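See below for the structure under consideration.
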Amino acid sequence: MSGNHIPFVRLSRYHDGDFFTLTEKSEIERHLAECPECRQELQRVEKLVGMLAGLSRLGSGVGAEFAEKTIRLAEERRGGRRRKGGTLFRGKQYVPAAAVAAIVVAVVGISIFSADTLHNISSRNVAAISTSEGNSLSRGDPVARVMEMVRNGNGTVLQVSDSYIIAETSPENLIRMQSALGGYPIRILGNAADRGVVAVSAGSSARAVAPGAVRFKVLLK
Amino acid sequence: MSDIHDIETIDRVLKGDVHAFAEIIEKYRDRVFRYVYVKFGNYDEAMDITQEIFIMTFESLEKFRRESKFSTWLYSIMVNYGKNHQKKANRYRSVSIDRVHGDDFEFQLTDERENPERQVVDRDSLRIVKEELFNLPDDYREILVLRDIEGLPYNEISRILGIGLSNVKVRIHRGRELLKERLQEKKLI
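Sequence lines, in order, name chains F and E. Numbering-wise, the first sequence is residues 1 to 221 according to the working numbering. Numbering-wise, the second sequence is residues 1001 to 1189 according to the working numbering.
Following this line, the structure appears as structure tokens:
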């Protein structure tokens, strides 16, 4: 080893106190005592590890409300599963026959379904749709109502904040929701996952969406 | 909050005090976020995934058999969720636009108020380290977060990632070497 320099990987192990034997440790230390290049390389290891440790100061920047929202969302989802399993809600959900017929018409009407055309297509069909929710979303807690509607449509709530909810659901359930949402605008984030197309959100990241589902954002304010 | 404190908190949650789970989230939120953020490189996506990981942990609490530290169990959920999310994203050819066009997420340095002058220098260096870390292969990036950012011991990393100890060491030291070479090119080291 004295003729050659100590490889970086070995110095990195030495830095962590990870050496095979005490003899190996002594050998490395003897070399370091007489080799300025290897001492400098060891200093690079120390600096590198120190800088990485500095990234532990990187925080999410969110406050206590994150925990509250996360717990609320977890409870909502748990509640939804209980309802589906019949623990809390044993009766069948009542859906008027007219609503079923209207949804069927809407689904047939959007057999070729794309993010660009969703808004127009749904606007044409929404007027004809009568749902059990009606316009009741405008009453009570809008967050709870949106979550309930998403769950009832076998959808998934992805994110909740004071100003918006992001969720995924079937196209037909989304049309029902648009009808019931009244004054709360919906922004479509993507719907082409079943064709392997990436959905681009209103933020900056591209996300995959579940096959057949539409990802959307409900603006609450 | 020690691991004993974690266990006490979990017991409270399991007995019905669900809001006690906020203590767990508060303690581990930024640690989970850092791992996810470095893995996926996008702030919004990282926050979504962080939230999902805590929801999954909350839902699985009854399955925690206390054979390991709670943090090890939580990190295992975090790693597995990250892997599954990545597979799903790859299946749909999802590309993080932030990775392509640069991340506009500003550092949230937890001790910024204590020494604002020093932070100006540190912020620039840390940004370069963060960017070069993002550019490492996934296996190296992930393990350097666990080892050098979160400071976990080799054996805990081995359990979290489900890989052998020798593999853990190889990835750590090779990952450091790659990162060192890149930071040397930037004259930062």
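The beta carbon of each residue, even a glycine, is placed where N, CA and C say it ideally should be. Computed from a predicted structure; not experimentally measured.
> What does a CB cutoff of less than 7 Å around VAL1120(E) pick up in its chain, not counting 5 residues either side in sequence?
Replying inline: Within the second sequence, numbered from 1, the residue matching residue 1120(E) stands at position 120. Interpretation of VAL1120(E) is limited by its pLDDT of 47, a score under 50 that renders its predicted location unreliable; the figure taken from the coordinates is listed afterwards. Result list for VAL1120(E): empty, nothing under 7 Å.
> Rounded to the nearest angstrom, how far is the Cβ of LEU73(F) from that of VAL157(F), given a contact under 8 Å?
Replying inline: One-based indexing of the first sequence puts residue 73(F) at position 73. One-based indexing of the first sequence puts residue 157(F) at position 157. About 6 Å separates the two Cβ atoms, so the contact holds.
>> Strictly under 8 Å for the Cβ-Cβ distance: is ARG77(F) near chain E by that measure?
In response: Your numbering for residue 77(F) matches position 77 in the first sequence. Yes, contact with chain E.
>> Less than 8 Å between the C-beta atoms of LEU1144(E) and ILE1160(E), yes or no?
In response: For this step, residue 1144(E) is matched to residue 144 along the second sequence. For this step, residue 1160(E) is matched to residue 160 along the second sequence. Not in contact: LEU1144(E) and ILE1160(E) (Cβ atoms no closer than 8 Å).
>> Going by DSSP, what residue range makes up the alpha helix (DSSP H) through LEU1178(E)?
In response: As a first step, residue 1178(E) is located in the second sequence; it is residue number 178 there, counting from the start. Going by DSSP, LEU1178(E) is part of the alpha helix (DSSP H) stretching over 1165–1185.
> Should GLY61(F) be counted as a contact of the ligand NAD given a C-beta to heavy atom distance under 7 Å?
Replying inline: The ligand NAD is not among the ligands present in this structure, which contains no ligands whatsoever.
> How is the alpha helix (DSSP H) around ILE166(F) delimited, first residue to last?
Replying inline: The residue given as residue 166(F) occupies position 166 in the first sequence. Per DSSP, ILE166(F) belongs to no alpha helix (DSSP H); it is in the beta strand (DSSP E), 164–169.
>> Once DSSP output is grouped into helix, strand and coil, what is the label at VAL214(F)?
In response: Indexing the first sequence from 1 puts residue 214(F) at position 214. In the structure shown, VAL214(F) sits in a strand (DSSP, three-state: E or B).
> Taking C-beta to C-beta, are VAL143(F) and ILE165(F) nearer than 8 Å?
Replying inline: As a working note, residue 143(F) is residue 143 in the first sequence. As a working note, residue 165(F) is residue 165 in the first sequence. Contact flag set, yes.
> List, in order along the chain, the chain F residues whose C-beta lies closer than 8 Å to that of ARG1174(E)?
Replying inline: Here residue 1174(E) refers to the residue found at position 174 of the second sequence. Within 8 Å Cβ-Cβ: VAL9.
> Among GLY182(F), MET147(F), PHE66(F), which has the Cα closest to the Cα of ASP1030(E)?
Replying inline: For the purposes of this step, residue 1030(E) is taken as residue 30 along the second sequence, with counting starting at 1. It is PHE66(F).
>> Between which residues of its own chain and VAL1013(E) is the CB-CB distance below 7 Å, once the five residues before and five after are set aside?
In response: Counting from one through the second sequence, the residue named residue 1013(E) turns up at place 13. Cβ neighbours of VAL1013(E) beyond the five flanking positions: ALA1020, PHE1021, LEU1061.
> Since LEU32(F) contacts VAL1129(E) with CB under 8 Å, what's their CB separation in whole angstroms?
Replying inline: Counting from one through the first sequence, the residue named residue 32(F) turns up at place 32. Counting from one through the second sequence, the residue named residue 1129(E) turns up at place 129. Contact between LEU32(F) and VAL1129(E) does not hold, since their C-beta atoms are separated by about 25 Å, which reaches or exceeds 8 Å.
>> Tell me the DSSP secondary structure of ILE1189(E) in three-state form.
In response: As a working mapping, residue 1189(E) is identified with position 189 in the second sequence. Note: ILE1189(E) maps to coil in three-state DSSP.
>> Which residues in chain F have a C-beta closer than 9 Å to the C-beta of MET1047(E)? List them in chain order.
In response: As a first step, residue 1047(E) is located in the second sequence; it is residue number 47 there, counting from the start. SER60, VAL62, PHE66, GLN159, listed in chain order.
> Do SER60(F) and PHE1033(E) have their CB atoms nearer than 8 Å?
Replying inline: For the purposes of this step, residue 60(F) is taken as the residue at position 60 of the first sequence. For the purposes of this step, residue 1033(E) is taken as the residue at position 33 of the second sequence. The answer is yes: Cβ separation under 8 Å.
>> How far does the alpha helix (DSSP H) with ARG145(F) in it extend, from its first residue to its last?
In response: Locating residue 145(F) in the first sequence gives position 145, counting from the first residue. Going by DSSP, ARG145(F) is part of the alpha helix (DSSP H) stretching over 142–152.
> Is it true that the CB of ASP1139(E) sits closer than 8 Å to the CB of ARG1176(E)?
Replying inline: For the purposes of this step, residue 1176(E) is identified with residue 176 of the second sequence, where counting begins at 1. For the purposes of this step, residue 1139(E) is identified with residue 139 of the second sequence, where counting begins at 1. Taking 8 Å as the Cβ cut-off, ARG1176(E) and ASP1139(E) do not qualify as a contacting pair.
> To which residues does DSSP link ARG187(F) through a beta bridge?
Replying inline: The sequence position of residue 187(F) within the first sequence is 187, counting from 1. DSSP, once it has assigned bridges, lists LYS217(F) as partnering ARG187(F).
>> Would ASP1048(E) and LEU52(F) be called neighbours here (beta carbons separated by less than 8 Å)?
In response: As a first step, residue 1048(E) is located in the second sequence; it is residue number 48 there, counting from the start. As a first step, residue 52(F) is located in the first sequence; it is residue number 52 there, counting from the start. No, Cβ-Cβ distance for ASP1048(E) and LEU52(F) is not below 8 Å.
> Is there a Cβ from chain E that is less than 8 Å from the Cβ of ILE71(F)?
Replying inline: For the purposes of this step, residue 71(F) is taken as residue 71 along the first sequence, with counting starting at 1. Yes - at least one Cβ of chain E is within 8 Å of the one on ILE71(F).
>> I'd like the span of the alpha helix (DSSP H) that includes ASN1155(E), first residue to last.
In response: Along the second sequence, read from residue 1 onward, the residue named residue 1155(E) stands at position 155. 1154–1161 is the span of the alpha helix (DSSP H), which, as asked, contains ASN1155(E).
> Using 8 Å as the limit for Cβ to Cβ distance, is SER170(F) near chain E?
Replying inline: Within the first sequence, residue 170(F) is the residue found at index 170, counting from 1. No, no contact with chain E.
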